[in-house]
Amino acid sequence: MSEEHRETGTGWPRPGEPARPSGPAGEPDPRPDAPDPDELSPLAPVEPVPDEAAEPAEREAVPESEPEPGAAAGAGAPSAARRFSSAGAMIAVLLALLGFTLVVQFKTTSTDPTLAATREEDLVRISSDLDSRERRLRQEIELLEESQRQLRSGEQGRQAALEEATRRADELGILAGTLPAVGPGLEVRFSGPAKAVSSTRILDAVQELRGAGAEAMQIQGTDGTAARIIASTYFVDGPDGALVVDGRRLTGPFTIMVIGDPATMRTALNIPGGVVASVRDGGGNVTSEDREVVEVSQLHAPIKLDHARPVS
588 MSEEHRETGT
598 GWPRPGEPAR
608 PSGPAGEPDP
618 RPDAPDPDEL
628 SPLAPVEPVP
638 DEAAEPAERE
648 AVPESEPEPG
658 AAAGAGAPSA
668 ARRFSSAGAM
678 IAVLLALLGF
688 TLVVQFKTTS
698 TDPTLAATRE
708 EDLVRISSDL
718 DSRERRLRQE
728 IELLEESQRQ
738 LRSGEQGRQA
748 ALEEATRRAD
758 ELGILAGTLP
768 AVGPGLEVRF
778 SGPAKAVSST
788 RILDAVQELR
798 GAGAEAMQIQ
808 GTDGTAARII
818 ASTYFVDGPD
828 GALVVDGRRL
838 TGPFTIMVIG
848 DPATMRTALN
858 IPGGVVASVR
868 DGGGNVTSED
878 REVVEVSQLH
888 APIKLDHARP
898 VS
């Protein structure tokens, strides 16, 4: 070994010192300031004599360690690499999810193998058939709605016709005397001698009342006998001042119950030269009283028609 190696202070034995064992078990400590194994050994307590000449050489041979220029930059390299690896993993996961989504969507849109294998012309024809079917269904819906409207209109028309027929039948029944009637009107009383209240005077009074809008009338005598006055009613003078109405004998004084406008009918009876004036000229008297409710309850038997019949 050269003298230069001995003076480096790197652990090589100095002149006069025994050589250190070689091999893994006797490998010297590479650190410059490591203690000598011989000094630590209890079997070699003798301290080495310092060599003044070697100390400067050792100081010159062992320079102070200086940091390398790339050391500071290299300190943060592992953390940056870790960040880059995390971002890459995240990007890979997102790309995988995107691909999975596209595959699922593709499978979902192409689940019908028939449509997938159908030609474009067939698809156009299918679409046209569906449109035609939709138009036919809409037309059927419109027809059904129109039928429903007609049925409703017909039902309403039938109901209105029935109501009108019922109203007309009631009116005809009142005019024919087959139905009772009630409403506002007059109570007209005739009294006096037979000449003053003859059948002619009573018939004139009935005609004046009809001309003034009388809708229903009946006449009754003192004994309570009454007769319904209709278009075919007749009046005949009876014995002892009696009055025969449609075959019924009534005794005076006589009272006519009439339904209609009281003011109009009263005016018609009191016109100059009318019924009231003629009865008074004969020595009789006519009194009229307004009534809010007049009941005409006497009924006339239906007339049997021998020749006339309704037109259907």
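If you want my numbering, it's the 1-based position in the sequence shown plus 587. Where a beta carbon is used, it is the ideal one built from N, C-alpha and C, also for glycine.
Residue i to residue j span [Cα, whole Å]
i: PRO643; j: GLY675; result: In this predicted model, PRO643 has a pLDDT of only 43, less than 50, meaning its place in the structure is not dependable; the value taken from the coordinates is given anyway. Rounded to the nearest angstrom, the two C-alpha atoms are 56 Å apart.
i: THR838; j: PRO767; result: 23 Å
i: ILE858; j: GLY828; result: 26 Å
i: SER673; j: ALA679; result: 10 Å
i: ILE806; j: GLN746; result: 38 Å
i: ARG593; j: MET677; result: Unreliable positioning characterises ARG593 in this predicted model, as indicated by a pLDDT of 47, which lies under 50. The coordinate reading is nonetheless provided below. If you take the alpha carbons of ARG593 and MET677, they lie about 59 Å apart.
i: GLN726; j: GLU732; result: 10 Å
i: HIS887; j: GLU802; result: 15 Å
i: THR787; j: MET844; result: 18 Å
i: LEU892; j: THR854; result: 37 Å
i: GLY686; j: ARG736; result: 58 Å
i: ARG896; j: ASP757; result: 19 Å
i: GLU729; j: ILE816; result: 57 Å
i: ILE713; j: VAL690; result: 28 Å
i: VAL711; j: LEU738; result: 41 Å
i: SER875; j: LEU773; result: 6 Å
i: ARG930; j: SER734; result: With the chain covering 588 to 899 only, the question about residue 930 has no answer from this structure.
i: ALA683; j: LEU724; result: 48 Å
i: ALA924; j: LEU790; result: The chain is shown only over 588 to 899; residue 924 falls outside these bounds and no answer can be derived.
i: ARG755; j: ASP716; result: 57 Å
8 Å contact criterion, which residue i and residue j should meet: CB distance rounded
i: PRO780; j: GLY870; result: 6 Å
i: VAL880; j: VAL775; result: Their Cβ separation, rounded to whole angstroms, is 16 Å, which puts VAL880 and VAL775 out of contact at 8 Å.
i: VAL866; j: VAL784; result: 7 Å
i: THR820; j: ASP833; result: 5 Å
i: GLU795; j: LEU856; result: 6 Å
i: GLN743; j: ALA814; result: No, GLN743 and ALA814 are not in contact; Cβ-Cβ is about 42 Å, not under 8 Å.
Top-ranked residue by Cα proximity to residue i, from the options
i: THR842; options: ARG725, VAL883, GLY834 and LEU717; result: VAL883
i: ASP868; options: THR809, GLY772, ARG723 and SER778; result: SER778
i: THR809; options: LEU830, LEU738 and ILE789; result: LEU830
i: GLY798; options: ALA864, PRO849, ILE728 and ASP716; result: PRO849
i: PRO771; options: GLN743, LEU762 and MET804; result: MET804
i: ASP877; options: ARG722, ARG754, MET852 and LEU717; result: MET852
i: VAL862; options: VAL898, ASP824, ALA792 and HIS894; result: ALA792
i: ILE890; options: LEU759, ASP718, ARG723 and SER719; result: LEU759
i: THR765; options: PHE822, ALA818 and GLY741; result: ALA818
i: LYS782; options: THR753, VAL823 and GLY800; result: VAL823
Sheet register partners of residue i (DSSP bridge)
i: ALA814; result: ILE806
i: LEU762; result: BP columns for LEU762 are empty, so no partner.
i: LEU830; result: ASP824 and LEU837
Complete alpha helix (DSSP H) runs within the segment 764-804 (minimum length 4 residues, chain order): 786-798
As an exercise, report each continuous alpha helix (DSSP H) stretch of at least 4 residues that is fully enclosed by the segment 682-756, in chain order.
700-704
Taking the runs of the alpha helix (DSSP H) that are 4 residues or longer, which of them lie wholly in the segment 834-890? 849-856 and 862-868
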